[in-house]
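Participant:
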Amino acid sequence: MQINISEIISTDYKVQTFNPEIEMEVFCLDGERYNFIRKSPVELKAQNEGHSVVNLSGHVDVTIDIPCSRCLTSVPTRLAFDFSQKVDFEKLKAEQLDDLDETSFMEESSLDVDRFVYNEILMRFPMKTLCREDCKGLCLKCGKNLNEGECGCDRASLDPRMSAIRDIFNNFKEV
Ligand SMILES: [Zn+2]
Ligand SMILES: [Zn+2]
């Protein structure tokens with residue numbers, strides 16, 4: 001959704017609030033696609049602070065389906081946060097608009113809500129997601145989710161650290 005904020009940019013101290021919907025259905029990051037389980041409309045306040053500086057503040061509340069880093073089980077992850085970002089439109093006009101990554105959500109006087117929200121979520125996207133702290137992950141041999149019980153596979157022979165030690169030992173013997 002595009003919001004035209006030209007009036008706010010040009011009117012000192014003007015304040016306006018918006019409740020736009022997030023339109024993207026998936027959150028794409030590094031080639032992965034994460035589904036939104038829930039999206040609340042964005043609470044967005046655009047406030048002119050004088051001299052063409054507009055403060056964009058508000059609240060985002062979404063729940064994203066992120067697979068556990070170890071066992072790939074779906075982990076509904078809620079990201080609810082306040083944001084606040086000042087954009088200096090005088091400076092923007094002087095510089096090359098599209099050279100500025102952080103303002104890629106602005107096109108002329110329209111604010112692209114999805115792009116703006118994408119950036120804000122990206123900054124807070126968890127580096128690692130676990131279904132539980134002591135998640136045992138998947139068996140490297142048969143793929144069984146080890147949180148659900150042992151599969152009986154002999155995984156010691158698959159542990160790369162173990163085989164590295166064995167290689168060293170074997171080489172040593174040959175000398
Ligand atoms: Zn897990
Ligand atoms: Zn197994």
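According to the UniProt record's numbering, the sequence shown holds residues 1 to 175 in order. Note that CB positions come from ideal geometry on N, CA and C, so glycine has one too. Being a predicted model, the structure only gives us computed values, none of them experimental.
1) Evaluate Cys28 with the Cβ neighbour count: other Cβ atoms within 10 Å of its Cβ, from every protein chain shown; 16 or more gives buried, anything less gives exposed.
2) Is Cys153 near ligand 2, with its Cβ less than 6 Å from a heavy atom?
3) Look at Asp114 and Glu23 and say whether their C-beta atoms are less than 7 Å apart.
4) Using the three-state DSSP reduction, which class does Gln132 fall into: helix, strand or coil?
5) Compare the C-alpha of Phe81 against each of Ser69, Leu92, Ser40 and Thr17 and name the closest.
6) In or out: Val175 buried (at least 16 other Cβ within 10 Å) or exposed?
7) For the candidate residues Thr129, Leu140 and Tyr118, whose alpha-carbon lies nearest to that of Val26?
8) Put Lys144 into one of helix, strand or coil per three-state DSSP.
9) Give the straight-line distance between the Cα atoms of residue 178 and Gly137, rounded to the nearest whole angstrom.
10) Quick one, are the C-beta atoms of Cys135 and Arg70 less than 7 Å apart?
11) Below 6 Å, is the gap between the Cβ of Cys139 and the nearest heavy atom of ligand 1?
12) What is the residue span of the alpha helix (DSSP H) that Asn35 lies within?
Facilitator: Reading from the atomic positions:
1) Exposure of Cys28 is indicated by the presence of fewer than 16 other C-beta atoms within 10 angstroms of its C-beta.
2) At a threshold of 6 Å, Cys153 counts as near ligand 2, since its beta carbon sits closer than that to one of the ligand's heavy atoms.
3) Yes, the Cβ-Cβ distance between Asp114 and Glu23 is below 7 Å.
4) First, the residue type needs correcting, since residue 132 is Arg and not Gln in the sequence shown. Coil, per DSSP.
5) That would be Ser40, whose Cα lies nearest to the Cα of Phe81.
6) Note that Val175 has pLDDT 47, beneath the 50 cutoff, so the model's placement of it is unreliable and the number below is only indicative. Exposed, because fewer than 16 other Cβ atoms sit within 10 Å of the Cβ of Val175.
7) When C-alpha distances from Val26 are compared across Thr129, Leu140 and Tyr118, the shortest belongs to Tyr118.
8) In this structure, Lys144 counts as coil in the three-state DSSP scheme.
9) No statement about residue 178 is possible, as the shown extent of the chain runs from 1 to 175 and does not include it.
10) Annotated as proximal: Cys135 and Arg70, with beta-carbon spacing under 7 Å.
11) Outside the cutoff, so no.
12) Under the DSSP assignment, Asn35 falls outside any alpha helix (DSSP H), being part of the beta strand (DSSP E) whose first and last residues are Glu32 to Lys39.
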